[in-house]
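The numbering of the sequence shown is the numbering used here, which starts it at 4 and goes up by one.
All residues carry an ideal CB built from backbone N, CA and C; glycine is no exception.
Below is one structure, written out as structure tokens; the observations come after it.
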Amino acid sequence: MVPYLIRRLGQALVLLLIVSMLGFAILHLAPGGPLSQFALSSQMSPEDIARISRQLGLDRPLPVQYADWLWRMLQGDWGTSYRDGGAVLVTIGSHLRATFELMATATLIACLLGCWIGILGAIRRYSLFDTLATVGAMIALSIPTFWFGLVTIYVFSVTLGWLPAGNRHTVGDDSVLDLLHHLIAPALVLALVEMAIWARFMRSSMLDVIGQDYIRTARAKGLPEWNVLSRHALRNALLPMITVAGLQFPTLLGGALVAETVFTWPGMGRLFLDSIAYRDYPVVMGILMLSAAMVMLGSLLADLLYALVDPRIRME
């Protein structure tokens, strides 16, 4: 297990280095830049723009800028935001909690409801429930997340007035109940696509397991059906879902970015888009590296859980 962990961590570090190089190059070579907004101002002279460029270190060659950024980042200095002058780690940290709240709630909803729909669909194969679940999953997977978000706002916020249209809290109210009230709509929208994926994979995995010989043997012994399904079928059917959870993490991050934008949820996704619009390079690179690290960590945890659930699997 230890050599496997060391090898995976080494691979993750190499991937993070490649992501940082590509991200840094694409960001700095893209049209526009932090100085473009100053160039549009009639009150800024070329000397002023050159002075700001020197202050930000943008007048140096790109490899030198990257090497300096990487060295400071390895020392824990992620830079300073161009927009508000605050430390990047503090800026990202102030939005990280909101993103985790949204993603954790959406994952919980998608996992519980998706697995339940998938299991029931497999047990009642080709029934009306299974057909409706299949059609619903196809619709959820076919329609973009932002469309679901806009429809949810129109129906439940504008028309019915049941849910807030955006933000994380009502002004002047920081209670948990108010947070949950604001969390319902974006979490459900974000969970919808994930739930469809979980349901389809769970149905397929469950159908594969309940067709195995040991399930028929358990039934032949006269075990109650709920005992066969819960003790023998469900555990083995859940094994592939660990891999699905690990692979779905990047999709969940992308969906969170859309949901946060539609519902003006003050998380990392919204901060990422705002930072790109402002060409706030240090914040964009910080979020990019943190997201890449989270995706790799999710994949590693999925592999470790795989071995934990099924002791027959060894990480060699």
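Find out if the Cβ-Cβ distance for the pair residue i, residue j is shorter than 7 angstroms.
i: Asp277; j: Ser84; result: no
i: Val298; j: Pro253; result: yes
i: Val91; j: Pro285; result: yes
i: Met209; j: Ala190; result: no
i: Ala213; j: Ala236; result: Sequence check: residue 213 is Ile here, not Ala. In contact: Ile213 and Ala236 (Cβ atoms closer than 7 angstroms).
i: Ala194; j: Ala140; result: no
i: Thr155; j: Val192; result: yes
Does DSSP classify residue i as helix, strand or coil?
i: Gly223; result: Contrary to the premise, residue 223 reads as Ala rather than Gly in this sequence. It is helical.
i: Asp283; result: coil
i: Ala90; result: strand
i: Thr173; result: strand
i: Asp62; result: coil
i: Phe266; result: coil
i: Ile245; result: helix
i: Ser56; result: helix
i: Ile146; result: coil
i: Met47; result: coil
i: Leu291; result: helix
i: Gly214; result: coil
So residue i and residue j are supposed to be a Cβ contact under 8 angstroms. How far apart are they, rounded?
i: Phe103; j: Val261; result: Incorrect: roughly 17 angstroms between the Cβ atoms, too far for contact.
i: Phe132; j: Leu123; result: 6 angstroms
i: Gly82; j: Trp72; result: 7 angstroms
i: Glu197; j: Ala305; result: About 15 angstroms separates the two Cβ atoms, so there is no contact after all.
i: Arg219; j: Ala125; result: The pair is not a contact, with the Cβ atoms about 15 angstroms apart (cut-off 8 angstroms).
When you compare only the Cα positions, how much space is there between residue i and residue j?
i: Ile142; j: Ala15; result: 35 angstroms
i: Gly249; j: Phe204; result: 13 angstroms
i: Glu22; j: Arg234; result: In the sequence as displayed, the identity of residue 22 is Val instead of Glu. Rounded to whole angstroms, Val22 to Arg234 spans 43 angstroms at the Cα level.
i: Leu99; j: Leu293; result: 10 angstroms
i: Met4; j: Arg10; result: 10 angstroms
i: Asp176; j: Leu38; result: 39 angstroms
Tell me, which residues are paired with residue i by DSSP?
i: Thr83; result: Ala90
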